Structures are given as structure tokens and as C-alpha cells.
Amino acid sequence: MQEVKAMMAGNVWKIVVAVGDTVEEDQDIVILESMKMEIPIAAEESGTVKEIKVAEGDFVNEGDVIAIIEA
Amino acid sequence: MPLKKNEPQIIRVINEEGGFIMSYIEELQKRIAHIEKGGHEKYHQKNEEKGKLFVRKRLELLFDEGIDIEDAFFANCMDDSLPSDGVVTGIGKINGQDVCVMANDSTVKAGSWGKRTVEKILRIQETAMTLELPMLYLVDSAGARITDQIEMFPGRRGAGRIFHNQIKLSGRVPQICLLFGPSAAGGAYIPAFCDIVVMVDGNASMYLGSPRMAEKVIGEKVTLEEMGGARMHCSVSGVGDVLVKTEPDAIDYARKYLSYFPKNFREKPQPMEPKDVMKFEKSIEEIIPENQNAPFNMYDFINRIIDADTFCEIKKKFAPELITGLSRMNGKPVGIIANQPKMKGGVLFPDSADKAAKFIQLCDAFNIPLLFLMDVPGFMIGTKVERAGIIRHGAKMLAAMSEATVPKISVIVRKAYGAGLYAMAGPAFEPDCCLALPTAQIAVMGPEAAVNAVYANKIAELPEEDRAAFIKEKQDEYRDDIDIYRLASEMVIDAIIEPNKLREELIQRYRIYDAKNVVFTERKHGVYPV
Numbered sequence: 923m924q925e926v927k928a929m930m931a932g933n934v935w936k937i938v939v940a941v942g943d944t945v946e947e948d949q950d951i952v953i954l955e956s957m958k959m960e961i962p963i964a965a966e967e968s969g970t971v972k973e974i975k976v977a978e979g980d981f982v983n984e985g986d987v988i989a990i991i992e993a
Numbered sequence: 008m009p010l011k012k013n014e015p016q017i018i019r020v021i022n023e024e025g026g027f028i029m030s031y032i033e034e035l036q037k038r039i040a041h042i043e044k045g046g047h048e049k050y051h052q053k054n055e056e057k058g059k060l061f062v063r064k065r066l067e068l069l070f071d072e073g074i075d076i077e078d079a080f081f082a083n084c085m086d087d088s089l090p091s092d093g094v095v096t097g098i099g100k101i102n103g104q105d106v107c108v109m110a111n112d113s114t115v116k117a118g119s120w121g122k123r124t125v126e127k128i129l130r131i132q133e134t135a136m137t138l139e140l141p142m143l144y145l146v147d148s149a150g151a152r153i154t155d156q157i158e159m160f161p162g163r164r165g166a167g168r169i170f171h172n173q174i175k176l177s178g179r180v181p182q183i184c185l186l187f188g189p190s191a192a193g194g195a196y197i198p199a200f201c202d203i204v205v206m207v208d209g210n211a212s213m214y215l216g217s218p219r220m221a222e223k224v225i226g227e228k229v230t231l232e233e234m235g236g237a238r239m240h241c242s243v244s245g246v247g248d249v250l251v252k253t254e255p256d257a258i259d260y261a262r263k264y265l266s267y268f269p270k271n272f273r274e275k276p277q278p279m280e281p282k283d284v285m286k287f288e289k290s291i292e293e294i295i296p297e298n299q300n301a302p303f304n305m306y307d308f309i310n311r312i313i314d315a316d317t318f319c320e321i322k323k324k325f326a327p328e329l330i331t332g333l334s335r336m337n338g339k340p341v342g343i344i345a346n347q348p349k350m351k352g353g354v355l356f357p358d359s360a361d362k363a364a365k366f367i368q369l370c371d372a373f374n375i376p377l378l379f380l381m382d383v384p385g386f387m388i389g390t391k392v393e394r395a396g397i398i399r400h401g402a403k404m405l406a407a408m409s410e411a412t413v414p415k416i417s418v419i420v421r422k423a424y425g426a427g428l429y430a431m432a433g434p435a436f437e438p439d440c441c442l443a444l445p446t447a448q449i450a451v452m453g454p455e456a457a458v459n460a461v462y463a464n465k466i467a468e469l470p471e472e473d474r475a476a477f478i479k480e481k482q483d484e485y486r487d488d489i490d491i492y493r494l495a496s497e498m499v500i501d502a503i504i505e506p507n508k509l510r511e512e513l514i515q516r517y518r519i520y521d522a523k524n525v526v527f528t529e530r531k532h533g534v535y536p537v
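Protein chains in written order, with our numbering: chain S, 923 to 993; chain E, 8 to 537.
Right, dumping it as C-alpha cells:
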């Protein structure tokens with residue numbers, strides 16, 4: 923099980939996968955908007971998206987869990 | 008009459024009747040053979056199981072043709088169990104250049120430091136100081152030999168002096184640490200004072216107190232890997248710089264790294280045969296997105312301006328939002344500091360600022376010209392970074408960048424907002440030139456943030472349906488105001504360069520700026536923001 927975490931504080935701009943999707947290593951899971959920049963947050967390992975813990979528009983802090991991926 | 012007192016156990020020179028059974032030459036050869044073998048066979052085996060090479064094998068791989076001279080080979084030779092007192096010190100060649108080395112032998116009392124071990128390390132450092140040669144530390148040591156502490160710990164020639172010598176050598180000659188095993192307690196400061204620390208994944212570690220000590224003294228239960236492992240240090244603490252899989256990889260890295268450096272601060276690095284740039288399908292223009300807020304991969308940009316296969320990255324896994332590495336352009340070394348928009352938007356954080364500060368000092372100390380590639384939205388804001396002291400960390404980067412007197416070129420690739428412009432060698436910090444690509448945008452902040460900041464109240468007062476049009480109008484006005492040609496007209500930037508001509512422009516400029524010879528200012532030393 924892999925926790926995908928926010929690498930910096932920001933707003934969740936777009937969620938680009940859905941629960942149940944198969945994702946590859948380095949595939950974007952969500953895109954944050956922070957410091958006026960698009961910040962893609964990618965999976966570190968491939969697997970299946972088990973849970974998405976944020977909604978678009980949410981504020982997340984650095985280190986917050988965004989999604990859970992099962993190998 | 009040789010050797011009646013303190014006679015070593017393994018070598019008997021005289022038989023019971025008092026007659027010689029071995030010639031002097033034989034005795035010497037036998038002693039040499041014994042010492043060269045290092046510690047007991049079982050420790051060799053243990054090391055082999057962990058993928059660790061014997062110290063003499065490491066040195067064989069490190070040098071062009073083995074160690075040329077070795078001193079105090081016989082240190083502690085009256086004790087058979089402590090060959091060379093657990094450390095090899097001497098001089099050999101790397102890329103044809105003499106370098107000094109100290110290398111722990113972990114088959115001898117786990118590479119621990121006795122009185123003579125410390126004295127040997129001090130002497131080779133002092134040789135490096137006298138000859139002004141690079142100093143390499145091949146570390147694999149359990150730390151102080153407690154039984155010898157009075158002789159090796161507190162005094163004038165005690166272990167503290169090793170660090171004192173390192174600090175004195177810093178910036179005079181390159182100092183490299185290859186970490187093959189533990190570097191424990193006080194010993195952990197050897198890597199800390201080196202220019203660069205290469206760590207072997209799984210075997211190398213650094214810590215002040217072992218996990219066992221942490222449990223006993225503060226009650227924390229933690230593994231060695233979590234607390235002081237190579238991966239942790241190279242990605243989280245930043246005490247390590249380069250993570251490698253095997254010992255030969257570490258040695259290869261050190262040999263490559265050293266090729267970018269002169270032997271000491273008095274000289275310039277040697278050029279190599281110029282190489283062409285790597286060939287790619289997409290040109291520079293095609294890899295830079297028009298939307299300033301969209302990420303792209305700065306490595307793709309770097310590879311399009313440097314000589315092929317010359318990028319020697321430092322701290323790849325630590326603070327990846329800023330890339331630092333050595334490279335060559337037209338065969339000549341250039342140190343690159345580049346924002347990476349693909350990671351954290353290329354925003355500067357406390358760790359990225361520290362990473363930049365050390366790298367800039369490294370290049371400046373050894374006359375390696377600097378190149379700043381800017382695509383930076385600024386320094387991070389918010390509670391977390393303010394509490395982490397982002398202002399003082401950022402100040403370190405500004406101070407190091409500002410003080411650097413080597414040829415210094417900044418290139419605005421895309422955005423250069425706020426203090427990001429300053430930290431990345433903006434015009435006020437005496438770069439030899441500040442170049443811009445046509446995609447460049449310089450401002451206190453980006454158009455979105457600026458319009459928000461200036462017109463927040465006005466926007467709120469407007470009817471909902473009029474807001475978008477108003478915001479767009481103001482943003483366009485703002486963009487016109489910070490237009491790159493306007494900045495060129497005001498001579499804020501020195502030139503606007505076509506992206507595909509950037510490499511040639513840089514090569515020309517570095518060739519010309521090579522004549523630069525300036526002193527930053529006169530004083531004892533600055534009071535650094537640490």
C-alpha cells in the first residue's frame with residue numbers, strides 16, 4: 923500500500939484519476955495549484971487507486987495524504 | 008640484535024639457540040605481507056558478505072595505477088592484531104593528478120581510531136595542506152577506540168584535530184568523502200566537512216548516537232536505515248550528496264567528479280576535448296510550454312545546452328525542485344544551478360536554498376564558472392516554511408551567490424518572480440551578464456497574483472458577471488508592463504537570445520569572462536546568515 927502525499931502546501935486543482943483506476947509509476951494522481959503553479963503529484967509505484975482522500979478545491983498541507991494506492 | 012623485546016608472535020627471527028633463521032630482508036618482506044593482509048580472515052569474509060571490498064582493493068580501483076607512496080604502513084606493528092593501525096594513508100594518482108587519501112580498514116577492529124590511526128590521518132591531511140593536493144577520505148569506521156581514548160580523543164593531536172584540519176583545508180583543496188560503512192559519533196563530522204559525500208546504499212551510515220544508544224538514552228526505537236542510512240541522508244537530511252548502489256560506483260563517481268576540479272584553489276580546472284550537444288527530436292522552443300504556470304522538465308533544457316554526457320549531478324534526491332550539477336560546455340567545466348518546474352513548481356524552499364548555497368561555494372572555491380537557469384515563482388510562503396526559517400535559509404543562498412567571483416551568468420528561461428530573481432543571480436548581484444529567452448518574464452509577482460493583490464477590493468465590488476473580463480484586462484495590462492522588451496529597453500537584461508542559439512552564446516561569453524579576476528570585498532570574513 924502506498925500513500926501519495928502532497929509535496930507542498932496548496933489547493934487541489936484537479937483530480938486526474940478515479941478510485942479503481944490502474945496507475946503506473948510516475949503517473950499524475952492530482953494536480954495542486956500552489957504559488958500560481960501547477961504542481962503534479964504522481965504515484966511513486968504502480969498499482970490500483972484504492973482511495974482518494976481529497977476533493978477539488980481542498981487545501982492540503984505538505985505531507986498530507988492525498989490518495990492510497992494498492993500494489 | 009633485532010627484536011628480542013616486544014617480539015611479535017608471528018615472526019621469529021632468532022631461533023632458541025640465538026641463531027638467525029631469517030634474513031633481514033625476509034623478515035621485512037614477511038612483516039609487509041602480514042600487514043598488507045589487514046585484519047583476521049573472518050572480518051574479510053563478513054565484509055564480503057555485505058558487498059564491501061577490502062581497503063587495498065578500494066585503493067586499487069580508485070587510483071590510476073595503485074597507491075604510489077604510503078606512510079606509516081608499520082604503525083602499531085608491534086601489535087600483530089592491528090596492521091597499519093586500521094587505516095591506510097598515502098598518495099596516488101587520479102586522472103593523472105596526485106591526490107592524498109586516508110582509507111579505513113574495517114577488518115582491523117572495525118576501522119576504529121586508536122592513537123596512531125588519528126596521527127596518521129592528521130599527517131596525511133597536513134601533507135595535503137603542504138602540497139596543496141586534493142584530500143580523499145574513504146570512511147568505514149566504528150569510531151573511537153574507547154580503550155585508547157586518553158591518547159586519541161581530547162588532546163592537541165587528538166581526533167578533534169582531524170576536523171580542525173578539514174576546516175583549514177576547506178576551499179584550499181577539494182575534499183571528498185566516500186562512505187562505505189558507518190561513520191559514527193564524532194567520526195560523522197568527517198563527511199560533514201567534506202565538499203561532497205558519496206554513500207553506498209545499504210552499507211553507509213552516519214549518526215551521532217547508534218540506534219542502541221538512542222533507545223537507551225532517549226527511549227526511541229528506530230532502525231539504523233531510518234535514522235542514519237544512506238538513502239535517508241541523501242534525500243531527507245542532505246548530509247549525503249550522492250547515493251550509489253555499489254562501492255565501484257562510488258569510486259567511479261569520485262574519479263568523474265574530480266575531473267571537473269583543479270588540484271587546489273590557485274588553479275583553474277582543466278578543459279577536456281569539447282563534445283557536441285546531445286541530439287534530440289524536439290528543440291528547446293518545443294519543450295518550453297507557453298503557459299508560464301505549466302511544468303516542464305528542466306533536465307531536458309540542460310541536456311540541450313551542455314556537452315553530451317557531461318552532467319555530474321550533486322544532491323539529485325535532495326530538494327529536487329532545484330538542480331545542481333557540474334557539466335562541460337565546449338569542454339570547459341560549468342556549475343549549473345537550475346530551477347526544476349517539474350518538482351514543487353520550481354519554488355525555492357529552505358532545503359533548496361541550502362543546497363544552492365553549498366554548491367555555489369564549491370564552484371566558486373575552485374574557479375568553476377556558474378550558470379543560473381531561472382524558472383522560479385519565488386520562495387515558498389506559508390506557516391510551515393516561515394517556522395523553518397526560510398528567510399535565513401534563503402539569505403544563505405543570496406550570500407553565497409552574491410560573493411561568488413567566478414564568471415557568473417544568469418539566464419531567465421521563463422519566469423523570475425520576487426526574491427527568486429535575486430537568489431538566482433539577478434542583475435543586482437553582479438552577474439557578468441543576465442540573459443533572457445523570449446519566454447522570459449521578470450516581475451515582483453506573476454500577473455494572477457499581482458492583479459489579485461492590487462485589485463482584490465475592486466474585484467469584490469464588481470458584479471459577478473463582469474469580474475472575469477476585468478481581471479483579464481488588468482492581467483493583460485500587467486503583462487505589457489513587464490514585457491521582456493521593455494526590460495531590455497531599460498537595460499535590466501543584457502540580451503535576449505534565441506533559445507537554440509543559447510549554447511553558442513554561453514560558450515562565447517564564458518571564453519571571454521575567463522579573464523575575470525576580482526576580489527569580492529576586503530574584510531576578515533562576512534557574518535554569515537546561518
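Just so you know, even glycine gets a beta-carbon here, dropped at the ideal spot from N, CA and C. Note that the structure is a prediction, hence the values are computed from the model and not measured.
Listed in chain order, which residues of the stretch 967–993 of chain S have Cβ atoms closer than 8 Å to some Cβ of chain E?
-> Asn983, Glu984
What are the start and end residues of the alpha helix (DSSP H) that includes serine 334 of chain E?
-> For the purposes of this step, residue 334 of chain E is taken as residue 327 along the second sequence, with counting starting at 1. Note, serine 334 of chain E: premise wrong, no alpha helix (DSSP H); beta strand (DSSP E) at 329–336.
Ranges of the alpha helix (DSSP H) found wholly within the stretch 317–377 of chain E, counting only runs of at least 4 | 357–372
Going by CA-CA distance only, name the one from E/Val106, E/Val95, E/Pro278 that's closest to alanine 261 of chain E.
-> Here residue 261 of chain E is taken as the residue at index 254 of the second sequence, counted from 1. It is E/Val106.
Exposure of glutamate 126 of chain E, with buried meaning 16 or more beta-carbon neighbours within 10 Å | Here the question's residue 126 of chain E lines up with position 119 in the second sequence. Result: buried.
Contact between the stretch 931–940 of chain S and the stretch 975–986 of chain S (3+ Cβ pairs under 8 Å) | yes
Own chain, CB closer than 6 Å to glycine 99 of chain E, minus 5 neighbours either side, in chain order = Position 92 of the second sequence, counted from the first residue, corresponds to residue 99 of chain E. Contacts found: Phe70, Ile74, Asp75.
Note down, in chain order, every chain S residue with its Cβ under 9 Å from the Cβ of valine 354 of chain E.
-> Start at 1 with the first residue of the second sequence, and residue 354 of chain E comes out as number 347. Within chain S, the residues near valine 354 of chain E are Met930, Ser956, Met957, Met959, Ile961.
Boundaries (first-last residue) of the beta strand (DSSP E) holding glutamine 173 of chain E = In the second sequence, the residue the question calls residue 173 of chain E occupies position 166. From DSSP, glutamine 173 of chain E is part of no beta strand (DSSP E) but of the alpha helix (DSSP H) over 167–176.
Determine, using beta-carbon pairs with one atom in the stretch 213–228 of chain E and one in the stretch 167–184 of chain E, whether at least three such pairs fall under 8 Å.
-> no
Taking the DSSP output, what are the residues bridged to isoleucine 449 of chain E?
-> Your numbering for residue 449 of chain E matches position 442 in the second sequence. In DSSP, isoleucine 449 of chain E forms a bridge with E/Ala423.
Would you verify that the beta carbon of asparagine 300 of chain E is, or is not, closer than 8 Å to some beta carbon of chain S?
-> Here residue 300 of chain E refers to the residue found at position 293 of the second sequence. Yes, its Cβ sits closer than 8 Å to a Cβ of chain S.
Cβ of glutamate 455 of chain E less than 8 Å from any chain S Cβ?
-> Locating residue 455 of chain E in the second sequence gives position 448, counting from the first residue. Yes, glutamate 455 of chain E lies at the interface with chain S (some Cβ there is under 8 Å from its Cβ).
Please report how far the alpha carbon of valine 945 of chain S lies from the alpha carbon of threonine 970 of chain S, in whole angstroms.
-> Working through the first sequence from its first residue, we reach residue 945 of chain S at position 23. Working through the first sequence from its first residue, we reach residue 970 of chain S at position 48. Near 6 Å, if we compare the C-alpha coordinates of threonine 970 of chain S and valine 945 of chain S.
Residue-level contact to chain S via CB, methionine 387 of chain E, 8 Å cutoff | The residue given as residue 387 of chain E occupies position 380 in the second sequence. At least one chain S Cβ lies under 8 Å of methionine 387 of chain E.
Can you name the residues that DSSP bridges to cysteine 440 of chain E?
-> Indexing the second sequence from 1 puts residue 440 of chain E at position 433. The partner list for cysteine 440 of chain E (beta bridge, DSSP) reads E/Ile416.
Which residue or residues does DSSP assign as beta-bridge partners of methionine 142 of chain E?
-> Here residue 142 of chain E corresponds to residue number 135 of the second sequence, with the count starting at 1. Per DSSP, E/Cys107, E/Gln182.
Based on the DSSP secondary-structure assignment, which residues constitute the bridge partners of lysine 100 of chain E?
-> Stepping through the second sequence from its first residue, residue 100 of chain E is reached at position 93. Paired residue(s): E/Asp105.
Examine the Cβ distances between the stretch 508–518 of chain E and the stretch 479–499 of chain E and report whether three or more of them are shorter than 8 Å.
-> no
Examine the Cβ distances between the stretch 417–433 of chain E and the stretch 384–395 of chain E and report whether three or more of them are shorter than 8 Å.
-> yes
Do you know offhand how far phenylalanine 379 of chain E's Cα is from isoleucine 313 of chain E's?
-> In the second sequence, residue 379 of chain E corresponds to position 372, counting from 1. In the second sequence, residue 313 of chain E corresponds to position 306, counting from 1. In a straight line, the C-alpha of phenylalanine 379 of chain E is about 13 Å away from that of isoleucine 313 of chain E.
Using 8 Å as the limit for Cβ to Cβ distance, is lysine 53 of chain E near chain S?
-> In the second sequence, counting from the first residue as 1, residue 53 of chain E sits at position 46. No, because no Cβ of chain S sits closer than 8 Å to the Cβ of lysine 53 of chain E.
Of all the residues that make up the stretch 379–408 of chain E, which are near chain S by a beta-carbon distance shorter than 8 Å?
-> Pro384, Gly385, Met387, Ile388, Gly389, Lys391
Within 10 angstroms of the Cβ of glutamate 472 of chain E, are there 16 or more other Cβ atoms? Answer buried if so, exposed if not.
-> Position 465 of the second sequence, counted from the first residue, corresponds to residue 472 of chain E. Glutamate 472 of chain E is exposed by the Cβ-count criterion.
With C-beta atoms as the reference, is threonine 253 of chain E less than 8 Å away from glycine 401 of chain E?
-> Your numbering for residue 253 of chain E matches position 246 in the second sequence. Your numbering for residue 401 of chain E matches position 394 in the second sequence. No, Cβ-Cβ distance for threonine 253 of chain E and glycine 401 of chain E is not below 8 Å.
Within the 8 Å Cβ cut-off, does lysine 351 of chain E reach chain S?
-> For the purposes of this step, residue 351 of chain E is taken as residue 344 along the second sequence, with counting starting at 1. Closer than 8 Å to some Cβ of chain S, the Cβ of lysine 351 of chain E qualifies, so yes.
8 Å Cβ cutoff met for aspartate 371 of chain E and alanine 326 of chain E = Translated into the one-based positions of the second sequence, residue 371 of chain E becomes position 364. Translated into the one-based positions of the second sequence, residue 326 of chain E becomes position 319. Contact flag unset, no.
Valine 204 of chain E to aspartate 248 of chain E span [Cα, whole Å] | Residue numbering aside, residue 204 of chain E sits at position 197 when the second sequence is read from its first letter. Residue numbering aside, residue 248 of chain E sits at position 241 when the second sequence is read from its first letter. Roughly 5 Å separates the two Cα atoms.
When we look at the beta-carbon of valine 525 of chain E and count the other beta-carbons within 10 Å, is it buried (16 or more) or exposed?
-> Position 518 of the second sequence holds residue 525 of chain E. Burial call: exposed.
Take every Cβ of the stretch 294–306 of chain E, pair it with every Cβ of the stretch 167–179 of chain E, and state whether three or more of those distances are shorter than 8 Å.
-> no
So, is proline 269 of chain E buried or exposed, given that buried needs 16 or more other C-beta atoms within 10 angstroms?
-> As a working mapping, residue 269 of chain E is identified with position 262 in the second sequence. That one is buried.
Under 8 Å by Cβ, that's how I've got valine 95 of chain E and glutamate 77 of chain E pegged, so tell me the actual separation to the nearest angstrom.
-> Translated into the one-based positions of the second sequence, residue 95 of chain E becomes position 88. Translated into the one-based positions of the second sequence, residue 77 of chain E becomes position 70. The pair is a contact, with the Cβ atoms about 7 Å apart (cut-off 8 Å).
By a C-beta neighbour count over all protein chains shown, 10 Å radius and 16 as the cutoff for buried, is threonine 390 of chain E buried or exposed?
-> Working through the second sequence from its first residue, we reach residue 390 of chain E at position 383. Result: exposed.
Just the Cα atoms here: how many angstroms apart are aspartate 488 of chain E and arginine 273 of chain E?
-> What you label residue 488 of chain E is simply residue 481 of the second sequence in a count that begins at 1. What you label residue 273 of chain E is simply residue 266 of the second sequence in a count that begins at 1. If I take the Cα positions, the gap works out to 46 Å.
Bridge partners - aspartate 86 of chain E, DSSP secondary structure assignment = The residue you call residue 86 of chain E lines up with position 79 of the second sequence. Aspartate 86 of chain E pairs with nothing; no bridge assigned.
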